[in-house]
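A short worksheet on the structure shown next.
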Ligand code: ADP
Ligand code: MG
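Numbering (the working numbering), first residue to last: 750 to 1328.
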């Protein structure tokens, strides 16, 4: 794990070396100061040469100034190093999330994923900066101070070192526990992030069912779990810090007593005693940082572990190593014996054969839950067929890069998702570099121009999170405008007009028919009026395709389509005014 961690330093080698060098230098100076004070007391003082004394003080002041300069480098540039590494990891975490496929997201809660990219990585920068430096300097300071102490007075130095077993005990006993505790805490944060995210996203449902008390209770449970994990952390910290503190202070008293004894006996000079006490301070400094060992480092390590876990999650649909970018596609789509299920025990599609010619408009109908959306989601490889294969213009879609394949497929999804920005931004999502004129044209073709004209801010109207400020039909038209703008050779419309009123649907139908010209169009629809002119109608029933053909042909067969047609004609009759 350490090796993986240090790999992140590679781009910042110079920065690291400068920071590290300054930190080491500063540590050495810290070691030197007590010896200077010792010399001051033992050598200069007895001579009573004030000129020399002032000169020595000036020299000391210069060293302090130099050390202050080193501290600036270490504090600022060291943190630059840390935050750079943290930023890199955060970027990679986000990029990796985007690589993962629908199947991964199907099994995740958004809040957990948000925590992975935010909270989990919060201490990485600190650890990346202080970690190596602290460890190295701690060792250097401990050894250096010990050698100097031993030089000043060996028995006293040995007494001071008695603290080391205490420190080792605290580190070993509490460090690992704290790391596990932080891992648990990060999990808890993810859980209640998820809770908040879902509650806010679903606030309309929560309120509609007046389920606020229920939601509060669920939240309180999550919150209590987080509190419990935190309390555990504080218990561990309290124990570790106080044991450490007491150990240090007791040893200090031993040193004080011992030192006094040796001075009285004439074994130790006054300057030696003062210098020794200052050295003990230097010796203790890294040991007093045990707080970091039981807080910051475990946080960083826990976060890094969770980060590695995320990166280790392989996308279950990845470009094969020799995948090629798709050439401009005509849109001949073939399903050859395609089988698929979201889980192994529940197949949705079994051995589907389907041949769609370029430029054809094919409509898919069938009972809800039969697998229409699933069938078409295999074409852009949102999910991977488990058996058989799908080809476009003769290319197995697994041999094409996902990006180049999807760039040539326009989809208006069943659940339209809009971003929180403006109408313009949402249409332009179809093609990010589209010009104003192209956006307006796409809006017009999707019959969105009336709405845009009626809004004071026009295209720049902000539509709220997920487009809450728009009606269902307006959202669909926006999604259709995106598809117009993208202008792909293959178009998938998944109940794209289901939320439109009959009048608007009829209007849009005309422009969708126009959109369908010269490209392969796959339409899922419930209202047969919208698809009767399709080149072909495919009935998707349990596990695959039940019947297919033109409207008239299917009407002549005694199948699902005829029953559906009869039911819908009945609908029309039912809804017409009875006289
Ligand atoms: P249709 O579009 O014909 O209404 P779908 O293709 O959406 O039907 O769904 C087909 C079946 O697959 C349904 O039984 C549904 O419960 C299941 N299903 C759909 N999406 C998922 C998913 N992401 N994970 C697991 N099962 C799913
Ligand atoms: Mg569907």
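Don't be surprised by glycine CBs; every beta carbon is placed ideally from N, CA and C.
For the ligand MG, is there any heavy atom lying closer than 8 Å to the beta carbon of residue i?
| i | result |
| --- | --- |
| residue 1163 | yes |
| residue 1117 | yes |
| residue 1239 | no |
| residue 1273 | yes |
| residue 1246 | no |
| residue 1235 | no |
| residue 855 | no |
| residue 1121 | yes |
| residue 971 | no |
| residue 1209 | no |
| residue 1243 | yes |
Applying the 10 Å Cβ sphere with the 16-neighbour rule, what's the burial state of residue i?
| i | result |
| --- | --- |
| residue 750 | exposed |
| residue 945 | exposed |
| residue 827 | buried |
| residue 1318 | exposed |
| residue 760 | exposed |
| residue 1312 | exposed |
| residue 1075 | buried |
| residue 1328 | Any reading at residue 1328 must be qualified, since the residue scores a pLDDT of 40, below 50, and its modelled position is unreliable; no value is offered. |
| residue 914 | exposed |
| residue 775 | buried |
| residue 795 | exposed |
| residue 1071 | exposed |
| residue 1124 | buried |
| residue 1046 | buried |
| residue 755 | exposed |
| residue 1326 | At residue 1326, the pLDDT of 41 sits below 50, so the modelled position is not reliable; the number obtained from the coordinates is stated separately. Result: exposed. |
| residue 954 | exposed |
| residue 1233 | buried |
Within 8 Å: the Cβ of residue i and any heavy atom of the ligand ADP?
| i | result |
| --- | --- |
| residue 1091 | yes |
| residue 710 | Past the edges of the chain, shown from 750 to 1328, lies residue 710, and the structure says nothing about it. |
| residue 1088 | no |
| residue 1124 | yes |
| residue 883 | no |
| residue 1201 | no |
| residue 1094 | no |
| residue 1287 | no |
| residue 863 | no |
| residue 968 | no |
| residue 1111 | no |
If you drop the 5 nearest sequence neighbours on each side, which residues of the same chain put their C-beta closer than 6 Å to that of residue i?
| i | result |
| --- | --- |
| residue 1090 | 1096 and 1097 |
| residue 1316 | none |
| residue 1083 | 1104 and 1140 |
| residue 762 | none |
| residue 1230 | 1176, 1191, 1192, 1195 and 1197 |
| residue 934 | 978 |
| residue 996 | 912 and 915 |
| residue 992 | 919 |
| residue 1065 | 850 and 852 |
| residue 861 | 939 and 943 |
| residue 1048 | 872 and 931 |
Would you grab the beta carbon distance between residue i and residue j for me? Rounded to a whole angstrom, and I think it's under 8 Å.
| i | j | result |
| --- | --- | --- |
| residue 830 | residue 768 | 6 Å |
| residue 902 | residue 1021 | 6 Å |
| residue 1136 | residue 1086 | 7 Å |
| residue 1287 | residue 1294 | 6 Å |
| residue 975 | residue 941 | 6 Å |
| residue 1235 | residue 1159 | 5 Å |
Could you name the residues of the same chain whose beta carbon sits closer than 8 Å to that of residue i, not counting the 5 residues immediately before and after it, in chain order?
| i | result |
| --- | --- |
| residue 1324 | Low confidence applies here, because residue 1324 scores a pLDDT of 40, under 50, leaving its location unreliable; read the following figure in that light. There are no such residues. |
| residue 1226 | 1195, 1196, 1197, 1200, 1249, 1253 and 1257 |
| residue 757 | 834, 837, 838 and 877 |
| residue 1017 | 901, 902, 905, 1008, 1011 and 1025 |
| residue 1275 | 1114, 1244 and 1247 |
| residue 932 | 1051, 1054 and 1055 |
| residue 898 | 905, 906, 909, 1025, 1028, 1029 and 1032 |
| residue 822 | 767, 768 and 771 |
| residue 1145 | 1138 and 1139 |
| residue 786 | 1020, 1023, 1024 and 1027 |
| residue 1224 | 1165, 1167, 1216 and 1248 |
Spatial neighbours of residue i within its chain, please: CB distance less than 7 Å, with the 5 preceding and 5 following residues excluded, ordered by chain position.
| i | result |
| --- | --- |
| residue 1321 | Bear in mind that a pLDDT of 47 at residue 1321, under 50, signals an unreliable position, so the model cannot answer this. |
| residue 1283 | 1110, 1111, 1112 and 1272 |
| residue 1209 | 1171 and 1173 |
| residue 1107 | 1079, 1080, 1081 and 1269 |
Subject >> Sequence ranges, alpha helix (DSSP H) only - wholly within the segment 883–967, length at least 4 >> reply: 903–909, 912–950 and 952–957
Original post:
Of all the beta strand (DSSP E) runs that stay within the bounds of the segment 1100–1133, which reach a length of 3 or more residues?
Top reply: 1110–1114
**OP:** Could you name each continuous alpha helix (DSSP H) segment of 4 residues or more that falls completely within the segment 804–851, going from the start of the chain to the end?
**Re:** The segment 804–851 contains these whole alpha helix (DSSP H) runs: 827–848.
Subject >> Ranges of the beta strand (DSSP E) found wholly within the segment 1216–1243, counting only runs of at least 3 >> reply: 1239–1243
Original post:
Which residue spans inside the segment 1023–1053 form an unbroken alpha helix (DSSP H) run of at least 4?
Top reply: 1039–1043
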